[in-house]
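In our numbering, the protein residues as written are 1362 to 1545.
Ideal placement from N, C-alpha and C gives every residue a C-beta, glycine not left out.
Report on one structure; see the data block that follows.
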């Protein structure tokens, strides 16, 4: 792969769903972690490689694509106890600003889950651009994990063990890695 000229490759990019991952991790019964992912994603980036702080990103996951590798649990996650996919088919993030931070950047923006919007900051590193084997231009964005409180977004399922330990923790860690192709 040959590196593309950075400033010539500024422009609009669309995420490649086959090479983009959105994962999550949450404590279960106070003794283990459950990991999952969303398999259907869409994203658009407006990238200024000369000054990344002038860039923006809009990204969404389709909630019915939740996958923890356990079908009964996935089906429960799709119900009103959790994502209520019939009523809220997507989770979205839209940046409001991007700022430099150390060796990377932070995308400040709005995360919306179940029609509840909250400000979040997502630290990330940007890689590329590169010319892929098919002649396209690609960039990568790998975010540091962030933690949100699911209760803040109306995901209120709250069974408890006899000793009061929550069946499912409130804190959810989100992991994000995007690969995007320059629009032609």
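Residue i - containing beta strand (DSSP E), residue span
i	result
residue 1436	Careful: residue 1436 lies outside any beta strand (DSSP E), inside the alpha helix (DSSP H) at 1432–1438.
residue 1419	1417–1423
residue 1408	1402–1408
residue 1459	1451–1462
residue 1411	Neither: residue 1411 is in no beta strand (DSSP E) and is coded neither H nor E.
residue 1448	First-last for residue 1448: undefined, no H or E at that position.
Rounded C-alpha distance that separates residue i from residue j
i	j	result
residue 1381	residue 1402	8 Å
residue 1413	residue 1531	33 Å
residue 1373	residue 1420	13 Å
residue 1379	residue 1526	38 Å
residue 1463	residue 1447	41 Å
residue 1395	residue 1443	15 Å
residue 1472	residue 1535	12 Å
residue 1441	residue 1411	44 Å
residue 1456	residue 1417	6 Å
residue 1388	residue 1515	18 Å
residue 1477	residue 1513	8 Å
Residues bridged to residue i (per DSSP)
i	result
residue 1396	1386
residue 1506	None, per the DSSP bridge assignment.
residue 1478	1473
residue 1527	1521
Buried or exposed (CB count within 10 angstroms, at least 16 for buried), residue i
i	result
residue 1470	buried
residue 1496	exposed
residue 1480	exposed
residue 1368	The pLDDT assigned to residue 1368 is 49, lower than 50, so where the model puts this residue is not dependable, and the model offers no usable value.
C-beta contact flag for residue i and residue j at 9 Å
i	j	result
residue 1468	residue 1501	no
residue 1452	residue 1399	yes
residue 1415	residue 1459	yes
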